[in-house]
Amino acid sequence: MRPIRTFSVAPSLPEPIARLPELAYNLLWSWDAGIRSLFIRLDRRLWEISQHNPVRMLALVGRRRLEEAAGDEGFLAQYRQVLEAFDAYVAERETWWSRRYGRRPDDQPMVAYFSAELGLTESMPMYSGGLGNLAGDHLKSASDLGLPLVAVSLMYHQGYFRQALTPDGWQQETYPDYDIYTMPMQLVRRSDGQPLTVEVSLPGRQLVAYVWRVRVGRVELYLLDANVAVNTPEDRILTDRLYGGDLDMRLRQEILLGIGGVRALSAMDLRPRVFHMNEGHSAFLALERIRRLMDEQDLTFDEAREAAAAGHVFTTHTPVPAGHDYFPPEMMERYFGDFYRAMHLSRQAFMALGRQEPGAEHEAFCMTILALKTAAYANGVSRLHGAVARRMWQGLWPEVPQGELPIGSVTNGIHLLSWVSQDLAELYDRYLGPRWRTDPDDPALWEGVAGIPAEELWRTHERRRERLVAYVRRRLRAQALDRGASPAEIAQTEQALDPGVLTIGLARRFATYKRATLLLQDPDRLVRLLTQPGRPVQIIVAGKAHPHDDAGKDLIRQIVHFARRPEVQGRVVFVEDYDIALARYLVQGCDVWLNTPRRPQEASGTSGMKASVNGALNVSVLDGWWQEAWSPEVGWAVGPGGEEPESGYPESVRHDPALVDRLDARALMDVLEHDVVPLFYDRGADGLPRGWIARMRRSIAAIAPHFNTHRMVKEYAERFYVPGARRYVSLAADGMRRAKELARWKQVVAQSWPGVRIDEVESTAADPVPRDRGFTVRAIAFLNGLHPDDVVAELYLGRVDPRGELTNCRVLRMRPAGTAPGGRFVFEVADVRVEGSGLHGFQVRLHPIHPDLATPLETGLVRWAGV
Ligand SMILES: *Cc1c(COP(=O)(O)O)cnc(C)c1O
């Protein structure tokens, strides 16, 4: 029975500690150990029971304890100190952002960051994996850096599922309802006290949503909630689950997130200029932005699109095709028919926004394509993934060489203060100075790691390993109890693992491409590795499979079955219900972090970064971030790698996934047997593994300064947010004058382009070309009515590979050099020089150019000579 009216009861606190709720309602505690320790001091048991949620904890703590704390001088002293630091943080006006860009006079946010999932803290289970954790860390760094940013997501009442295994090791999903009134969030209300609502249209009805505000340090996050009494029953449960339900539900969720999100910001009078779509789920925001600009500024669709797109940033996160949303055209028609007609678009023009082939009537509508077509800036999440994404979406710009597609890359990072263990943080404070907390992206600072005495670093790490083992035993015991295991089995959990043994962590989503069972390819060899006398090894495994992914669930079962073998009893454990709390213990206590995706399907990966900054060493396939970070001094590579998606194994091998798996599995076992285990157990007279510790130091110093979200958020700000905001402002000035001009220019160019041709190309290059002499290339082109300033002619010059393709090309601009008969134009470049020897070649091309383009080739129009 749902009540007809609800009200919430706020805990009343004794006056001396009356501001505790303020601390509880700001997630700063999730990365500020000082605030956390205050709550833990208040009541450690309730802190655990509440799953580290101080709001819930305050609702549970008894009056007596509160009064006791309010009269306890020691507690009050800590309380005042924590509050002072909290106030200073929240009110701080001297931030990286303000020093570099000044404060915005109107205090408006500049950026709105949209994400369907967010991993901020274990008590808010609104994440399924890396995407959400990255988004959470993005917000925390944005807060630390003082970025004027707000975030938008959905309020999931049940979140992602909780995982438990049957005795046979088969994953079961449960969806407990979270009590949102004891979550660190508050309902946004209008000035008359009524809840603020936003509406979006669904077929035959309006969907009404509430908005919740979450404070993440200095950043505000808004969550849209469809559980409103006026909605239909099936709409009320729309925001129950993250990635739950069918395609229809997914579409409605994405309509609420994208369209409802833009409306919510506007209803709160927030006017960001830049909209960042973290993955394609939120791409409908672009449609709503365009629609509003058309209405408010009396623009055509194309004009509004130019203006809106100027400030749109899109980050794609997955090289796996199943990770992209596609909606059938009929479904899109049902939900968006009125919407696109109101924008005066034809059905075809609308559907084309989500299609690779605009005219393909049956092609489904793809959210990634919509995002790519409506955002001036697009990026993948590691250098390698950028290349993979360019290859994946090449079809959208068929004339543009892959390397020049307008999809760049910003490599992911992690928010250090959320992941570095308390013990290690104190060591860093001591040997690096406290500035690592605020300027973690300064490499010079991390050189100080070399000065941490081996003994101290090692003892600190061993303490974390002991904590990990104790924590895992507790969780194993709890899961055995839940499963109704026998007393003998429950007793066994006390014996699981050994705090002094080389510990490998393997925790990830159980998607098949992540190949969590690569270790099991040769089970007997693995048993030998685990049980070698004097050099034992243990493995802790965790991770969830998507509820519909039976293949992923089967991988979990295989691991559970292997772990049951008597020879490896207690050496391999599967910990259920992987979450941020478990992740923290794992990355802080493991010696080795293992990652074995099928290359190049891991876009970035971030758990390995978390482990690195805690002193663990990575053993990983050269995919995602590890392709960038790896060097022999900092960790180990499994299998071959390279900067290109095609590098690595030869083509014949790459096309046989089973063979790749076998080779990678063997390479993995070789690395573990020959390098990892011997180095770990190579102890000096003092018991210290000096070689291992040296690597820990180098790994921390090399990885921490680069693979953190401070560096990442600064990159987004400098490369996309600030230029995007400036472009938006310049296109919007004077009643959108330049947006209109740009749209008109694009239209003219697109119409003329089919008639543009390059008629003649001549060069003075002798064959062979002498290395010390430059040559001239001249081309004659017909521009079909375009002005020579509307285009740029370029020489595209490179080496010819064995397949006869140009590679490693340089682009040289050709200058206009007069006219030729037939209304044609001459372009020329002189003194062209070639470096190196061997077979070289060139091409000549024309493409449109305009000062207001965000990226030179965004129109996709390129005319190549003789093609
Ligand atoms: C960091 C993290 C992830 C992402 O890890 P990957 O290496 O990207 O697979 C997933 N889940 C949790 C709980 C995490 O903390």
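My numbering numbers the first residue of the sequence shown as 164 and each following residue consecutively.
Built from N, CA and C at the ideal position, the CB exists for glycine as well.
In this structure, the beta-carbon distance from Gly778 to Gly668 does not fall below 9 Å.
Going by DSSP, Thr337 is part of the beta strand (DSSP E) stretching over 334 to 337. Shown here for Glu466: same chain residues with a beta carbon closer than 7 Å to its own, the five before and five after excluded, namely Met899, Ala902, Lys903, Ala906 in chain order. Cβ-Cβ distances below 8 Å link Ala913 to Thr1022, Leu1024 in the same chain, with the five nearest sequence neighbours on each side left out; the list follows chain order.
For Tyr748, there is no enclosing beta strand (DSSP E); the residue is found in the alpha helix (DSSP H) stretching over 743 to 752. Straight through space, the alpha carbons of Asp458 and His950 are spaced by roughly 33 Å. Residue range 1003 to 1011 is occupied by the beta strand (DSSP E) that includes Gln1006. Ranked by Cα distance from Thr970, the options Pro435, Arg978, Tyr959, Leu644 are led by Tyr959.
For Ile866 and Leu297, the gap between their C-alpha atoms comes out near 17 Å. With respect to the 9 Å criterion, Leu328 and Leu312 are not classified as neighbours on the basis of their beta carbons. In terms of CA proximity to Arg376, Tyr188 leads the group Ala254, Thr872, Val940, Tyr188. If you look at Leu547, you'll find it in the alpha helix (DSSP H) that goes 546 to 555.
Each of Ala534, Ile532, Ser572, Asp605 was checked against the Cα of Ala550, and the nearest Cα belongs to Ser572.
When secondary structure is reduced to three states using DSSP, Trp260 falls in the helix class. Not one heavy atom of ligand 1 falls within 8 Å of the beta-carbon of Ile866.
CA-to-CA, the gap between Trp789 and Gly423 works out to about 37 Å.
If you draw a straight line from the Cα of Ser545 to the Cα of Ala766, it comes to about 7 Å.
Inter-residue distance for Arg860 and Val612 is about 6 Å (C-alpha atoms, whole angstroms). Rounded to whole angstroms, the gap between the alpha carbons of Glu362 and Leu370 is 5 Å. If you draw a straight line from the Cα of Ala993 to the Cα of Trp560, it comes to about 30 Å.
Taking C-beta separations shorter than 6 Å and ignoring five residues to either side along the sequence, the partners of Ala659 in its chain run Arg636, Leu639, Gly733, Val736, following chain order. Note on geometry: alpha-carbon atoms of Thr982 and Phe988 lie some 4 Å from one another. For Tyr373, the enclosing beta strand (DSSP E) stretches over residues 368 to 379. Here Ala534 is actually not in contact with Gly474; their C-beta atoms are around 14 Å apart, not less than 8 Å.
According to DSSP, residue pairing for Tyr540 in a beta bridge involves Val476.
In the three-state reduction of the DSSP assignment, Trp194 falls in the coil class.
Looking only at Pro272, Arg243, Gly407, the smallest Cα-Cα distance to Ser291 is reached by Gly407.
Exclusion of Lys303 from the 8 Å shell around ligand 1 follows from its C-beta lying no nearer than that to any non-hydrogen atom of the ligand.
Annotation for Val823: no beta strand (DSSP E) segment contains it, though the alpha helix (DSSP H) segment containing it runs 820 to 834. The beta carbon of Arg199 sits closer than 6 Å to the beta carbons of Trp192 from its chain, once the five residues preceding and following it are set aside; these are given in chain order.
Residues of the same chain with a CB within less than 6 Å of the CB of Thr927, apart from the 5 flanking positions on each side, are Phe938, Thr939 in chain order. Cα atoms of Asp411 and Phe447: separation of roughly 15 Å, rounded to the nearest angstrom. Taking a cut-off of 8 Å for Cβ pairs, the region 674 to 689 and the region 697 to 715 touch, as three or more such pairs fall below it. Closest in alpha carbon position to Gly787, among Gly768, Gly805, Pro795, is Gly768.
Between the region 738 to 747 and the region 680 to 698 there are fewer than three C-beta pairs closer than 8 Å, too few to call the two in contact. Linking Arg727 to Asp833 through their CA atoms gives a straight-line distance of about 24 Å.
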